[in-house]
Amino acid sequence: LVASATVNGKRLIAVVLGARNGGQRAAIAKKILEAATGQAAPRVASAASAENDDYDEGYTSKSLTMFKGVPVESVRNQGFSAVSLPKDMAPVVCKHRASWRSIRPYRLKRKWTASFGTFEHPGAAYKLLRTRLLNSLNVVHGGNHGLIRLRPNKAYIAALGNLSQDQATRLCGHFKAQSKACQVLAPTYMARLADQDNAYHSRLEAKRKAAAQKRKLRNKKKRKSRKKKRRKKRKAKAKR
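Position one of the sequence shown corresponds to residue 555 (my numbering), numbered consecutively onward.
Laid out in structure tokens, this is it:
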């Protein structure tokens, strides 16, 4: 449920992700709005449809059906800038999720990729990538985003891949017009990165198998040694 209310000329929005039915969601949204203002909230204006979601549960929320809400078209577009980017609450809200998302180059080697820069630390790379993605919503749609790990170096490319050549060129043109770094990477370059990445993982897998084999032989020797000791003890007892 997404609900909104205007208090003292200020628009407040509450988002409820759970609850058993529409009535509970409306009640929780009302409490959130009251907590935010420190006073009783006005009737909740829901941006979600109550018909489908309450019908299956056998309950219809009065606060949702009695108020039509505000049409989306009437909300003034205030635009977006990197300065207005809200604080990233993912580490708090999504504790189970990784702080950044990686993507293997072989998944991007068939199409074009837009690179927003190379970074030593993945956190800084992904923070910039999220900002660029928000700023590119009206320019291109689709593609796969993530951090490309450069092998064997410890560096990360913030990238949006699986684009057509026209999309990648248009996207980089959009950011270069704002004096922001952006580079178009051809499929041939991504194929080279994929080869390097695959070779690295092949070496890693070979090392893992070799280490597993060593552990197996070491454990086998230990078992043999323990058996010998037990046999010696049994022989010593038999002599007594």
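Where a beta carbon is used, it is the ideal one built from N, C-alpha and C, also for glycine. Note that the structure is a prediction, hence the values are computed from the model and not measured.
Limits of the beta strand (DSSP E) - the one that residue i falls within
| i | result |
| --- | --- |
| histidine 699 | 698 to 704 |
| leucine 555 | No beta strand (DSSP E) holds leucine 555; DSSP gives it neither H nor E. |
| glycine 727 | Segment 719 to 730 is the alpha helix (DSSP H) holding glycine 727; no beta strand (DSSP E) there. |
| valine 569 | 564 to 569 |
Straight-line gap, residue i to residue j (C-alpha atoms, nearest Å)
| i | j | result |
| --- | --- | --- |
| glycine 677 | proline 741 | 26 Å |
| alanine 712 | lysine 761 | 29 Å |
| lysine 763 | histidine 755 | 12 Å |
| alanine 602 | threonine 685 | At alanine 602, the pLDDT of 46 sits below 50, so the modelled position is not reliable; the number obtained from the coordinates is stated separately. Their Cα atoms are separated by approximately 27 Å. |
| lysine 768 | lysine 781 | 20 Å |
| threonine 667 | glutamate 759 | 28 Å |
| alanine 573 | lysine 564 | 27 Å |
| arginine 777 | lysine 786 | 14 Å |
| arginine 724 | lysine 730 | 10 Å |
| lysine 793 | alanine 765 | 42 Å |
| alanine 599 | alanine 580 | Bear in mind that the predicted position of alanine 599 carries a pLDDT of just 47, short of 50, making it unreliable; the figure below should be weighed with that in mind. Going by the C-alpha atoms only, they are around 9 Å apart. |
| alanine 735 | glycine 577 | 49 Å |
| lysine 663 | valine 561 | 52 Å |
| alanine 590 | leucine 571 | 18 Å |
| alanine 604 | asparagine 575 | Residue confidence is low: alanine 604 scores 40 on pLDDT, short of 50, so the model does not pin down where it sits. Its coordinate-derived value is still stated next. Cα to Cα, alanine 604 sits roughly 10 Å from asparagine 575. |
| glutamine 732 | isoleucine 582 | 42 Å |
| tyrosine 743 | lysine 770 | 41 Å |
| valine 772 | serine 779 | According to the sequence shown, residue 772 is arginine rather than valine. When rounded, the distance between both Cα atoms is 11 Å. |
| arginine 757 | alanine 790 | 50 Å |
Given residue i as reference, the closest of the options once Cα atoms are compared
| i | options | result |
| --- | --- | --- |
| leucine 566 | Gly572, Arg574, Ser718 and Ala557 | Ala557 |
| arginine 655 | Leu701, Ala764 and Tyr710 | Leu701 |
| alanine 559 | Gly671, Lys782 and Glu588 | Glu588 |
| valine 569 | Lys584, Gly563 and Asn575 | Lys584 |
| tyrosine 660 | Asn575, Ala748 and Lys793 | Ala748 |
| glutamine 721 | His695, Lys730 and Ala745 | His695 |
| glutamine 737 | Tyr680, Asn575, Asp751 and Ser669 | Ser669 |
| isoleucine 586 | Arg574, Asn562, Gly563 and Leu555 | Leu555 |
| phenylalanine 673 | Ala709, Lys663 and Leu704 | Ala709 |
| tyrosine 680 | Arg703, Leu662 and Asn692 | Arg703 |
| glycine 727 | Ala790, Arg746, Val693 and Ala753 | Val693 |
Beta-carbon spacing of residue i, residue j below 8 Å
| i | j | result |
| --- | --- | --- |
| leucine 714 | lysine 665 | no |
| isoleucine 657 | asparagine 707 | no |
| glycine 496 | leucine 687 | Past the edges of the chain, shown from 555 to 794, lies residue 496, and the structure says nothing about it. |
| aspartate 751 | arginine 705 | yes |
Span of the alpha helix (DSSP H) around residue i
| i | result |
| --- | --- |
| asparagine 752 | 741 to 793 |
| alanine 573 | Per DSSP, alanine 573 belongs to no alpha helix (DSSP H) and is neither H nor E. |
| arginine 664 | Run containing arginine 664: none; DSSP gives neither H nor E here. |
| leucine 522 | Here the chain covers residues 555 to 794 and nothing more, so residue 522 does not appear. |
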